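Below is one structure; the comments refer to it alone.
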Amino acid sequence: MNDIPVYKISDFNSVLFPDAKQDNMEFEIKPDFQNVTDKAFGSYFRSDFFAILLVIKGETTVNINFKEYFVGRNTLILTAPKDILQFMGTDGTAVCSVVAFSAKYLKTTEHARQRLDIPNYFSSQFSPIWPLNAQDAKLIHKLLGELYKRNGKVKEHLFGKELLTIAFDVLLYEISELGNRYSQLSNVHLSRKEKVVMEFTHLVQKEFKLEREVKYYASKLNVSPRYLTEMVKEFLGISSREVIDYYVVQEAILLMRNHKLSIAQIANELNFSDQSFFGKFFKRHTSLPPKEYRKSLLSIAP
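Numbering (full-length UniProt numbering), first residue to last: 1 to 302.
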């Protein structure tokens, strides 16, 4: 398979992203495009980025890692770097929306950089095809539209970059929630590393409010902190510390949606010593103070 070409986001510009700026090849979004065909994509290829594609209407056939899928309206398709792909054609009426983003974008974006659930659902153990119901598909379509709007106004707004990333976060949070209902295991034969990483993430989900030290989780899993971090880094692309912080930040954002809770109460709920320490932690991970982030959520609430 060494002769299979590897495509970057820039390689798709002439087909999916004709209006993309050449200096931004880590993140792109294209809503409601129709009848995408190109001979380069009709043969096997790999991408070096993640992609989330929603079929709005019509039907299309894709091959992902040598498995053929015939998909129709309201289907969500998830592909990851190194997946072997092939676009096998549409019925001529297919309309899709897609967002493509690199691993580098996930690491360098200023808001909630540690998006844990997404790498999990993109792993080989889960099916890349999610048949959504009409209501869930409508929500994802709406969020993709909001993301497209924010992407077009990055330079027009003082906090354009931050608002774009918040919109991206909201999309990923919603997809993570949908994963609980739509993701299906396709490979139950996990490697030792995958098992340890999954056990680690599940343990963090249960105990992150009380325990934020890597050594605690390493001890529970009977591995060294260094070895745990190496495995997590290899599988998820982020460190063990970032995984823990991810859950803390995600929970903080969810709590902020409850306007009956003060910032001090949220800090206490997450076991921070005081509101000031929580505020510094939150700003370090999102680039905005808790109060400003809470205000920004109002403008993009689904």
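Here a beta-carbon is modelled for each residue, glycine too, at the ideal position from N, C-alpha and C.
In this text, all values refer to a predicted model and were calculated from it rather than measured experimentally.
Cβ-Cβ separation, residue j to residue i (assumed contact under 8 Å), whole Å
i: residue 76; j: residue 54; result: 5 Å
i: residue 221; j: residue 199; result: 6 Å
i: residue 254; j: residue 269; result: Not really, about 11 Å apart at Cβ, beyond 8 Å.
Beta-carbon proximity check, residue i vs residue j, cutoff 8 Å
i: residue 214; j: residue 176; result: no
i: residue 97; j: residue 48; result: no
i: residue 131; j: residue 74; result: yes
i: residue 231; j: residue 204; result: no
i: residue 212; j: residue 170; result: no
i: residue 209; j: residue 271; result: yes
i: residue 81; j: residue 50; result: yes
Beta-carbon proximity list for residue i, same chain, < 8 Å, skipping 5 on both sides
i: residue 110; result: Because residue 110 carries a pLDDT of 46, less than 50, the predicted location of this residue cannot be relied on, and the following value inherits that uncertainty. Excluding residues within five positions, the ones whose Cβ falls inside 8 Å are 161, 162, 165, 286, 287.
i: residue 45; result: 4, 5, 6, 7, 84, 85, 86
i: residue 95; result: 32, 33, 34, 55, 56, 57, 58
i: residue 192; result: none
For residue i, three-class secondary structure by DSSP
i: residue 180; result: helix
i: residue 6; result: strand
i: residue 29; result: strand
i: residue 222; result: coil
i: residue 257; result: coil
i: residue 47; result: strand
i: residue 272; result: coil
i: residue 52; result: strand
i: residue 238; result: coil
Residue i beta carbon near the ligand ADP (any heavy atom closer than 7 Å)
i: residue 53; result: Absence of the ligand ADP is noted for the structure shown, with no ligands found whatsoever.
Test: residue i CB closer than 8 Å to a CB of chain D
i: residue 150; result: Looking at the structure shown, chain D is missing, and only one protein chain is on hand.
Beta-carbon contacts of residue i that lie in its chain and below 7 Å, excluding the five residues immediately before and after
i: residue 151; result: 29, 164
Neighbourhood of residue i by C-beta, 6 Å cutoff - its chain only, sequence neighbours within 5 removed
i: residue 182; result: 130
i: residue 284; result: none
Write down every uninterrupted run of the alpha helix (DSSP H) in the segment 69-110 whose length is 4 residues or greater and which is fully enclosed by it, in chain order.
Runs found: 103-108.
Contiguous beta strand (DSSP E) assignments of at least 3 residues, all confined to the segment 128-212:
Correct list: 129-131.
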